[in-house]
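Please read the structure below before turning to the comments.
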Amino acid sequence: MTTDPIETLDADPLGLSPQVSRELRPCASYTLRVNGFERPVTDAWIGESLLYVLRERLGLAGAKDGCEQGECGACSVQVDGQLVAGCLVPAALAADSEINTVEGLSAAGGASDVQQALAASGAVQCGYCTPGMAMAVHDLLQRNHRPTEVEARQALCGNLCRCTGYKGVLAAVQTVADARALVAEEAEEAAAAEAARSAEQAAGAPGDTPAEPVAEAPAEVPGGVPVEPGTAVEPPVYADAEAWIEHVPQQPVAPHPADQAQAPAGTPYGDAPGGYDTGVYDTAVLAPVQGGIPAQAVDDQVYYPPQAYPEQPYQGTPAHGTYLPYPDGQQQGGYDTGYDAPVYEPTPAHGTPLPGAAFDGTPPHGTPYAAPHGAPAEGGAPAGVPYGATPAHGIRLPEDDHAS
Amino acid sequence: MLPASLDEAVDALATAPAAVPVAGATDLMEAVNAGRLRPAALVGLGRITELRGWRYEDGGTAVLGAGLTHARMDRPDFAALIPALADAARTAGPPQVRNVGTLGGNIVTAAPAGDTLPVLTALEATVTLARAGASREVPVSHLLTGLDPVRPGELLTWVRVPLLHAPQVFLKATGRSGPARATASVALVLDPARRSVRCAVGAVAPVPLRPLEAEAWVAGCIDWDGSREIDPTATAAFGEYVAAACVPDNYGAEGAWEAVTEGPTAAAARLRRTVAVLARRALGRALK
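If you read the sequences in order, they're chains A and B. Position in the first sequence (first residue = 1) + 956 = the numbering used here. Position in the second sequence (first residue = 1) + 372 = the numbering used here.
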């Protein structure tokens, strides 16, 4: 009995009839609560991991798919407040749980303090591990406000990074911990002052002038970072990491706010008003956190010595092939000058002996090795070893000294 | 699918025996992601809060819920009860895995490198397997060796561990400094009431191994009534004894047993050295 193979294939291209498919591929519909939003998932295979559902069905691609074994930590998310590997959680069983992903860290569009500190401390290179790292750091600092370095290392031991190593991440942990401690301290002081003031008012003294308003608590961006009331919230670091600033040579006392304003990233090179562009890529203004940077580093900015730069405005890179005279009149080359450079000599043909070195070409195999090129004889290969041949075992080679 | 109590879970398993009970899912989802397992249905055990703690029974026994996570077993209050189990839980993996991985899951998965298994073997724990309307007690070693496996529709609910009030040590050798699978692990507990030393070696065989002769020999070397001291040479000899008992000569050899004619293989020698060092250190620390 023969069957038509094409017909067999066409009848069931996937090899699964619908009934069999339903049995082999049991599906479920459920609702996930992700970052505070109810996200329905319909007709998903029950074996799908939370990572897959988040990325492929809900479009939250922050958590990364690294190893699918729970080894790498790139898929770290929080389920019910606990850090878990998203690839090892069946999504169907995470229904009714509170799921927090890395997208939830930056609630209002700006990067959280953890993310900013990671970027500022150089912990990001290829960025694949970074969402998991951010979640791990976030989870660590939720549970432990002042982690020691050992605790930080233990908390991050499940997140693998093959680019930058972990020093930047550990620095970011300390940065965020310090910044948050500072904010908490300020809030405490403000609360104490408020309490003292209310107590004072309750004590009477109706004729007094109303007490001066207590230094208002710093406004907070979502990550809990203090921002000066006048300044606008800076865009997230991830959106545009280019930040060119001008350094105007002037006295550092009482800098005008306009001088500190940074040029927009799209400003043409050299066209910035009020000074020349030093082109200094200053990380001090990159991160509005000032977490990693001490606060005074922003206030008294580093002013570069003005004499180090020419006084004329920079005119930008000339087009390719353009001949520009050098500003100080020195002639370094050109087509129409009396430039007496060394005469150009073509590369000699292969095998031509060079005038300086007594290079005689590669000797034939088996020629005894005779300390060529002026190398000291005692540093060379042992006497009697044929050139190019592997020396006998047990002879100490010069590289052995370097190895040990 | 997400029963809130033990009875509901057992009933759900009785109605659908093909369903897979899922606690932490760290081993299950690894198999599912790799395509080795296609579960017909899942019964999530994460909502059964009664299994996530422990209780005491007639003075000398702790009854641990199967849903105890490794992170919970790592905490100091649990470490004061069963220190070796806490050590094993601490080194079991990264925080992401320990936060969800459970004691019961570790037993049922019975991975060769499961870290809690040698501890439970050395403690001679027993487990309770519940099914609809009944339950039975099985020694954990019988469960692991397949002498008395989990039957369909049964759920591992409790783990009964004796409280010995004596030093316990769990040591583990891995390939790297971070969390990793054990290449060999040794759990050693002292039982002063019975004047015995119980030792189990994990990760060198599909199941944890008990070097019974070495245990009996070293128990005779210990001055139980005094300061529990032992000659250092006896400690070293115990390590060698354990290693020789647990690692066969043909370990890692390909082909038949007869292919190995002279001496242990290189892999066996290396692993024996690891096990010997671990066992020697474990005994030394327990008697310190």
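Ideal Cβ positions, reconstructed from N, Cα and C, are used throughout, including at glycine. Computed from a predicted model, the values in this text were never measured in an experiment.
Going along chain A in order, which residues have a C-beta closer than 8 Å to the C-beta of E402/B? Taking the second sequence and counting its residues from 1, the one referred to as residue 402/B is at position 30. Within 8 Å Cβ-Cβ: E1024, Q1025, G1026 and L1044.
DSSP-derived helix/strand/coil call for D1238/A: Walking along the first sequence from the start, residue 1238/A turns up at place 282. Legend: pLDDT at D1238/A = 46, less than 50; position of this residue unreliable, value from coordinates given subsequently. D1238/A falls in the coil class under three-state DSSP.
So, L584/B versus L378/B, is the Cβ gap smaller than 9 Å? Your numbering for residue 584/B matches position 212 in the second sequence. Your numbering for residue 378/B matches position 6 in the second sequence. Against a cut-off of 9 Å, the Cβ pair of L378/B and L584/B comes out as no contact.
Straight-line CA distance for A1079/A to P1087/A? Stepping through the first sequence from its first residue, residue 1079/A is reached at position 123. Stepping through the first sequence from its first residue, residue 1087/A is reached at position 131. Whole-angstrom Cα-Cα distance: 11 Å.
Spatially closest choice to A545/B from G432/B, A641/B and G574/B, by CA coordinates: Numbered from its first residue, the second sequence carries residue 545/B at position 173. The shortest Cα separation from A545/B among G432/B, A641/B and G574/B belongs to G574/B.
Let me see if you follow: with CB-CB separation under 9 Å, is N471/B close to chain A or not? Against the second sequence, residue 471/B aligns to sequence position 99. By this cut-off, N471/B is an interface position.
Mapping DSSP to helix, strand and coil, what is G656/B? Taking the second sequence and counting its residues from 1, one reaches residue 656/B at position 284. DSSP places G656/B in helix when its eight states are reduced to three.
Output the distance between the C-alpha atoms of E1152/A and Q1038/A, rounded to the nearest integer angstrom. As a working mapping, residue 1152/A is identified with position 196 in the first sequence. As a working mapping, residue 1038/A is identified with position 82 in the first sequence. The question names Glu, but residue 1152/A in the sequence shown is Ala. Whole-angstrom Cα-Cα distance: 39 Å.
Quick one: does I1055/A have its CB under 9 Å from some CB of chain B? Looking up residue 1055/A in the first sequence gives position 99. By this cut-off, I1055/A is not an interface position.
For W323/B and Q1072/A, what's the separation of their Cα atoms in angstroms? Residue coverage of chain B in this structure runs from 373 to 660, which leaves residue 323/B outside it and unanswerable.
Test item: CB-CB of R470/B and L501/B under 9 Å: The sequence position of residue 470/B within the second sequence is 98, counting from 1. The sequence position of residue 501/B within the second sequence is 129, counting from 1. No. Outside cutoff.
Taking only heavy atoms of the ligand FAD into account, decide whether any of them is closer than 8 Å to the Cβ of P534/B. Absent from the structure shown: the ligand FAD. Ligands present: none.
Find the nearest neighbour of G1083/A within the set C1031/A, A1051/A, C1043/A and G1003/A, judged by alpha-carbon distance. Start at 1 with the first residue of the first sequence, and residue 1083/A comes out as number 127. For G1083/A, the nearest C-alpha among the options comes from C1031/A.
Do S1053/A and L988/A have their C-beta atoms closer together than 9 Å? By 1-based counting over the first sequence, the position of residue 1053/A is 97. By 1-based counting over the first sequence, the position of residue 988/A is 32. The answer is yes: Cβ separation under 9 Å.
By a C-beta neighbour count over all protein chains shown, 10 Å radius and 16 as the cutoff for buried, is G396/B buried or exposed? Start at 1 with the first residue of the second sequence, and residue 396/B comes out as number 24. When all chains shown are included, G396/B counts as buried.
Near-chain E residues of the segment 407-436 of chain B - C-beta to any C-beta below 7 Å: The displayed structure is made up of protein chains A and B, and chain E is not among them.
Local conformation of V491/B per DSSP, three classes: Walking along the second sequence from the start, residue 491/B turns up at place 119. In this structure, V491/B counts as helix in the three-state DSSP scheme.
Can you tell me whether G432/B is buried or exposed? The criterion is at least 16 other CB atoms within 10 Å of its CB, across all chains shown. As a first step, residue 432/B must be located in the second sequence, where it is residue number 60. Label assigned to G432/B: exposed.
With a cut-off of 8 Å on the beta carbons, I'd call A556/B and G611/B a contact; round off their distance for me. Reading the second sequence from its first residue, position 184 is the one you call residue 556/B. Reading the second sequence from its first residue, position 239 is the one you call residue 611/B. Not quite, the Cβ-Cβ distance comes to about 12 Å (not below 8 Å), so this is no contact.
Length at least 3, wholly inside the segment 442-504 of chain B: the beta strand (DSSP E) runs in chain order: 498-503
Exposed or buried, E677/B, counting other C-beta atoms within 10 Å across all chains shown (16 or more means buried)? Here chain B covers residues 373 to 660 and nothing more, so residue 677/B does not appear.
Boundaries (first-last residue) of the alpha helix (DSSP H) holding Y613/B: The sequence position of residue 613/B within the second sequence is 241, counting from 1. Looking at the DSSP string, the run of the alpha helix (DSSP H) that includes Y613/B is P604 to C618.
Verify whether the separation of the beta carbon atoms of I1055/A and L1006/A is less than 9 Å. Numbered from its first residue, the first sequence carries residue 1055/A at position 99. Numbered from its first residue, the first sequence carries residue 1006/A at position 50. In contact: I1055/A and L1006/A (Cβ atoms closer than 9 Å).
Can you grab the Cα-Cα spacing for the pair N622/B / T517/B, in whole Å? As a working note, residue 622/B is residue 250 in the second sequence. As a working note, residue 517/B is residue 145 in the second sequence. Looking at the two C-alpha atoms, the distance is approximately 21 Å.
Check whether the segment 981-999 of chain A touches the segment 1008-1020 of chain A, counting contact only when three or more Cβ pairs, one atom from each stretch, lie closer than 8 Å. yes
Quick check on V499/B: buried or exposed, where buried means 16 or more other Cβ atoms within 10 Å of its Cβ? In the second sequence, counting from the first residue as 1, residue 499/B sits at position 127. Buried, because 16 or more other Cβ atoms sit within 10 Å of the Cβ of V499/B.
L457/B vs L423/B beta-carbon contact at 9 Å: By one-based count along the second sequence, residue 457/B stands at place 85. By one-based count along the second sequence, residue 423/B stands at place 51. Cβ atoms of L457/B and L423/B: not closer than 9 Å.
So if I threshold CB-CB distances at 9 Å, which residues from the segment 452-472 of chain B count as touching chain A? G465, P466, P467, Q468, V469, R470, N471 and V472
Determine the chain A residues that contact A397/B at a beta-carbon separation under 8 Å, and present them in chain order. Position 25 of the second sequence, counting from 1, holds the residue named residue 397/B. Residues of chain A passing the Cβ test: L1044, V1045, P1046 and L1049.
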